[in-house]
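Peer 1: If you scroll down you'll find the structure; I have some questions about it.
Below, the structure is given as C-alpha cells:
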C-alpha cells in the first residue's frame with residue numbers, strides 16, 4: 001500500500017501537462033520560489049519514504065486530540081451546526 005501511495009504521488013509530480021497546465025505549473029513554481037533542484041530533492045525524498053517514517057509522522061501530526069473541524073455552510077444550517085455542539089464564527 002505504501003508503494004502504491006508513493007507511486008501515486010510521483011505520478012502526480014511527473015504527469016504530462018497541457019501547454020496551459022505546464023505554464024501554470026511553471027508560474028506557481030516561480031511564484032513560490034521552487035527551483036528544479038528543490039523539486040528533484042522533494043521527489044527523491046518521496047521515493048525514499050519508509051513505513052516507519054510515515055507512522056512516526058502520522059503519530060506526531062495526526063493525533064486526534066490535535067484535530068480541528070471546520071464547516072462552511074449557509075446561515076440556514078445554523079441550528080444544525082449548533083446542535084452538533086460546534087462554536088460558530090461568521091466570516
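Numbering (full-length UniProt numbering), first residue to last: 1 to 91.
For every residue, glycine included, the Cβ atom is placed at its ideal position computed from N, Cα and C.
Treat the numbers as computed from the prediction; the structure is a model and nothing was measured.
Would you please state the rounded distance, in angstroms, between the beta carbons of residue 47 and residue 10? I believe it to be under 8 Å.
Peer 2: Between residue 10 and residue 47 the Cβ distance is about 7 Å, and since that is below 8 Å, they are a contact.
Peer 1: Using only the alpha-carbon positions, how far apart do residue 34 and residue 76 sit?
Peer 2: In a straight line, the C-alpha of residue 34 is about 43 Å away from that of residue 76.
Peer 1: Do the CB positions of residue 43 and residue 13 come within less than 7 Å of each other?
Peer 2: In this structure, residue 13 lies closer than 7 Å to residue 43 by Cβ.
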